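For the sequence shown, counting from 1, position 16 maps to 20 in our numbering; every step adds exactly one. For each residue, glycine too, the CB sits at the ideal point set by N, CA and C. Nothing here was measured: the structure is a model prediction, and the numbers come from that model. Notes follow once the structure below has been shown.
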Amino acid sequence: MAVKADRDKCIYCGGCTAVCPVNALTLKETRIECDASKCTDCGLCIKFCPVGALSKVKKE
Ligand code: SF4
Ligand code: SF4
5 MAVKADRDKC IYCGGCTAVC PVNALTLKET RIECDASKCT DCGLCIKFCP
55 VGALSKVKKE
């Protein structure tokens, strides 16, 4: 699974990268990268994000 960050909302605080238990998230200069092979869809980062920028990516 994976999550994505809304670029218009994200303030690049980096908090979600620290809260992810499997280190699936990486803070890049202008985006949050999610490693879909690591993400367990636990939802912790979505709850944590102070600006509500993260959401789950639906798999086809
Ligand atoms: S916690 Fe939210 S605002 Fe902070 S870097 Fe992650 S997605 Fe962006
Ligand atoms: S949903 Fe869980 S495993 Fe996936 S990126 Fe967020 S904190 Fe990490």
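Contacting residues, own chain, Cβ-Cβ under 6 Å from residue i (five flanking each side not counted)
i   : result
K42 : V26 and A28
Residue i - containing beta strand (DSSP E), residue span
i   : result
C20 : Careful: C20 lies outside any beta strand (DSSP E), inside the alpha helix (DSSP H) at G19 to V23.
C38 : I36 to C38
K8  : V7 to A9
Closer than 6 Å: residue i CB and nearest ligand 1 heavy atom
i   : result
V61 : no
L48 : no
Coarse secondary structure for residue i, derived from DSSP in three states
i   : result
K60 : strand
T30 : strand
Boundaries (first-last residue) of the alpha helix (DSSP H) holding residue i
i   : result
C49 : L48 to F52
Closer than 6 Å: residue i CB and nearest ligand 2 heavy atom
i   : result
A28 : yes
T21 : no
V7  : yes
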